[in-house]
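Undergrad:
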Amino acid sequence: MKEAVLRGDYSRAGPDYAVEQDWAAYTGAEHALYRRLYARQSALVPRYACPEFEHALAGLDAGQAIPDFSAVSRRLRPVTGWEIVPVPGLIPDEAFFTHLAARRFPVTVWLRTQAEFDYIVEPDVFHDFFGHVPLLFDPAYAEHLCEYGKGGLKALRLGALPMLARLYWYTIEFGLVRTERGLRAYGAGLLSSGGELAHAIDGPAPRRFAFDLERMMRTGYAIDRYQDAYFVIEGFAHLLRDTAPDFAPLYARLRQLPVLAADVPLPGDHIVG
Ligand code: PHE
Ligand code: CO
Numbered sequence: 003m004k005e006a007v008l009r010g011d012y013s014r015a016g017p018d019y020a021v022e023q024d025w026a027a028y029t030g031a032e033h034a035l036y037r038r039l040y041a042r043q044s045a046l047v048p049r050y051a052c053p054e055f056e057h058a059l060a061g062l063d064a065g066q067a068i069p070d071f072s073a074v075s076r077r078l079r080p081v082t083g084w085e086i087v088p089v090p091g092l093i094p095d096e097a098f099f100t101h102l103a104a105r106r107f108p109v110t111v112w113l114r115t116q117a118e119f120d121y122i123v124e125p126d127v128f129h130d131f132f133g134h135v136p137l138l139f140d141p142a143y144a145e146h147l148c149e150y151g152k153g154g155l156k157a158l159r160l161g162a163l164p165m166l167a168r169l170y171w172y173t174i175e176f177g178l179v180r181t182e183r184g185l186r187a188y189g190a191g192l193l194s195s196g197g198e199l200a201h202a203i204d205g206p207a208p209r210r211f212a213f214d215l216e217r218m219m220r221t222g223y224a225i226d227r228y229q230d231a232y233f234v235i236e237g238f239a240h241l242l243r244d245t246a247p248d249f250a251p252l253y254a255r256l257r258q259l260p261v262l263a264a265d266v267p268l269p270g271d272h273i274v275g
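All residue numbers in the sequence shown are consecutive under my numbering, ending with 275.
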């Protein structure tokens with residue numbers, strides 16, 4: 003919550019920033035805009051999304067209207083123990099990590115305007131729900147995100163948050179995974195973007211790095227344009243395993259080093275096809 007102005011209504015938020023979704027208050031025009039966003043993105047899924055996402059999205063049947071979070075939570079809980087928490091928008095780091103560590107995924111309640119159909123700066127219900135929620139049905143992904151929440155609380159204590167935030171950016175938001183059918187997206191920022199999926203997967207410009215914890219934690223990113231670099235995992239079980247070691251020694255070493263630009267090559271970089 004570093005932005006000076008956030009558009010959500012925080013006045014009714016509890017100490018954990020949870021609010022009521024108030025599903026009945028969404029207008030017909032909002033449901034219609036959500037349907038158009040969903041139609042555009044779901045058409046890209048067979049070509050660009052990882053199979054776990056495609057499978058979970060099909061099971062959700064959430065394309066007709068803005069989803070009712072409690073109804074989705076009732077289906078999600080028995081599968082991976084996760085549930086959705088409605089929030090007014092971005093929330094402070096500590097509240098965010100505390101939710102993740104308890105398997106509660108914060109989802110923004112409001113929807114963007116029609117003028118923001120192609121691009122929005124703050125996460126809205128479409129980004130948060132369409133991009134993040136389907137993968138919470140995958141056991142390895144679900145486990146990893148809970149561990150990430152605990153790791154976030156630890157990074158806060160160690161003053162290492164910028165490093166962990168870069169890892170989140172290059173995995174949970176913009177991650178690619180190698181599959182039998184080529185590179186696919188699992189990052190929510192990609193899966194909810196009309197244009198960046200093709201850029202990330204088919205585009206000649208960006209560099210695609212093999213998974214490299216240290217490179218991710220050291221690589222800066224832009225929040226207002228397509229990424230210059232993406233990182234490719236070999237699957238969620240690998241992601242879970244590779245992020246399991248204690249990061250404290252890594253933080254101690256990396257915090258001495260400069261942050262790298264995403265578009266400047268380094269010797270030792272491992273570029274994948
Ligand atoms: N292993 C990390 C630590 O010791 C925690 C973590 C797990 C971070 C998974 C990110 C993802 O801090
Ligand atoms: Co997101």
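Cβ atoms here follow ideal geometry from the backbone N, Cα and C, with glycine treated the same way. Everything numeric in this text was worked out from a predicted model, so none of it was measured.
(1) Once you ignore the five residues that flank residue 56 on each side, which residues in its own chain have a CB closer than 8 Å to its CB?
(2) Can you check the region 190–214 for any alpha helix (DSSP H) of at least 4 residues that lies completely inside it and give the ranges in chain order?
(3) Quick one: what does DSSP say residue 133 is sitting in, helix, strand or coil?
(4) Check whether the region 97–117 and the region 145–153 touch, using three or more Cβ-Cβ pairs below 8 Å as the test.
(5) If I'm right that residue 196 touches residue 110 with Cβ under 8 Å, what's the distance once you round it to whole angstroms?
(6) Who are the near neighbours of residue 116 in its chain, counting only those whose CB is closer than 8 Å to its CB and skipping five residues on each side?
(7) Verify the contact flag: residue 191, CB atom, against every heavy atom of the ligand CO, threshold strictly below 7 Å.
(8) Between the alpha carbons of residue 43 and residue 193, how many angstroms are there, rounded?
(9) Starting from residue 232, trace the alpha helix (DSSP H) in both directions and tell me its first and last residue.
(10) From the DSSP secondary-structure annotation, give me the bridge partner or partners of residue 184.
(11) What does the Cβ neighbour count give for residue 173, buried or exposed, with the cut at 16 atoms within 10 Å?
TA: Answer, in terms of the structure:
(1) If you number the sequence shown from 1, residue 56 lands on position 54. Around residue 56: 47, 48.
(2) 190–193, 198–204
(3) For the purposes of this step, residue 133 is taken as residue 131 along the sequence shown, with counting starting at 1. Helix, per DSSP.
(4) yes
(5) The residue you call residue 196 lines up with position 194 of the sequence shown. The residue you call residue 110 lines up with position 108 of the sequence shown. Incorrect: roughly 18 Å between the Cβ atoms, too far for contact.
(6) Counting from one through the sequence shown, the residue named residue 116 turns up at place 114. These residues qualify, in order along the chain: 35.
(7) Stepping through the sequence shown from its first residue, residue 191 is reached at position 189. Yes - the ligand CO has a heavy atom lying nearer than 7 Å to the Cβ of residue 191.
(8) Locating residue 43 in the sequence shown gives position 41, where the first residue counts as 1. Locating residue 193 in the sequence shown gives position 191, where the first residue counts as 1. For residue 43 and residue 193, the distance between alpha carbons rounds to 7 Å.
(9) For this step, residue 232 is matched to residue 230 along the sequence shown. Premise fails: residue 232 lies in the beta strand (DSSP E), 231–235, not in any alpha helix (DSSP H).
(10) For the purposes of this step, residue 184 is identified with residue 182 of the sequence shown, where counting begins at 1. According to DSSP, which records beta bridges pairwise, residue 184 is partnered with 181.
(11) Walking along the sequence shown from the start, residue 173 turns up at place 171. It counts as buried.
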